[in-house]
Amino acid sequence: MSCRFHDVNDKILEIKKCETEADVAWNSFRQDLIDCISGIELLKCKLKLISENNNNTNNNNDILLSDFKEGAPKSLSEKASILNNNLQISIRKNSMSIRRSFLAYNNLVSQHELLFLPYFEMKEYYKQLQDFAKSEVLTKEKLSYGEALEDLMFLSKDIQETKTRSEKLQDNSGIQHP
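For the sequence shown, UniProt numbering begins at 1 and goes up steadily by one.
Structure (structure tokens):
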């Protein structure tokens with residue numbers, strides 16, 4: 001019986017150790033996640049600035065080059081149309097880049113969820129072991145308490161019977177008791 005409880009205690013200690021390791025890993029994952037999110041936000045801002053500067057530079061260079069090649073300045077509506085087309089292309093590229101970043105982020109989150117799955121399974125197993133040990137100990141202790149009460153009652157009856165017998169013997173023998 002004590003061997004079983006020793007095994008259960010060892011398992012409980014092992015589970016508690018796993019829980020602390022999982023908590024440390026979870027906190028580390030959360031910090032890494034926060035760092036990734038802030039890094040993605042910073043990268044997004046930098047890409048936006050670079051894209052805007054690049055688009056402005058490219059657009060200005062394209063306009064100057066086209067003006068130089070054609071020899072005559074284009075009308076404002078044509079320049080606006082070209083700028084609009086370049087802007088739409090840039091928006092599509094940035095949108096795809098952001099989608100790729102979020103897909104990579106979701107992939108990372110899914111991988112970490114899979115890593116923590118055994119932790120939750122171990123935690124459930126630990127709860128089952130605790131419930132089993134608790135119920136088994138309680139029932140055995142209740143039984144042993146009941147047996148002890150029965151033994152006590154038996155001894156009390158024995159003592160009482162012995163006392164009454166000795167009193168009867170003393171009364172019969174004529175000895176007076178104080």
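We treat Cβ as the ideally placed atom computed from N, Cα and C, and that holds for glycine.
- The three-state reading of DSSP puts residue 75 in coil, since its state is none of H, G, I, E or B.
- With respect to residue 43, residue 94 sits apart: the two C-beta atoms are not nearer than 8 Å.
- Setting aside the 5 residues that flank it on each side, residue 101 is surrounded in the same chain by 40, each with a C-beta closer than 7 Å to its C-beta; the list follows chain order.
- Our two residues, residue 103 and residue 37, have alpha carbons roughly 13 Å apart in a direct line.
- Straight across, the Cα-Cα distance linking residue 20 with residue 35 is about 22 Å.
- When Cβ pairs closer than 8 Å are counted between the two stretches, the stretch 133-153 is seen not to touch the stretch 81-91, the count staying below three.
- At a Cβ-Cβ threshold of 8 Å, residue 22 and residue 119 count as neighbours.
- Note that the C-beta distance between residue 53 and residue 86 is not below 8 Å.
- Distance check between residue 28 and each of 149, 154, 116 places 116 closest, using alpha-carbon atoms only.
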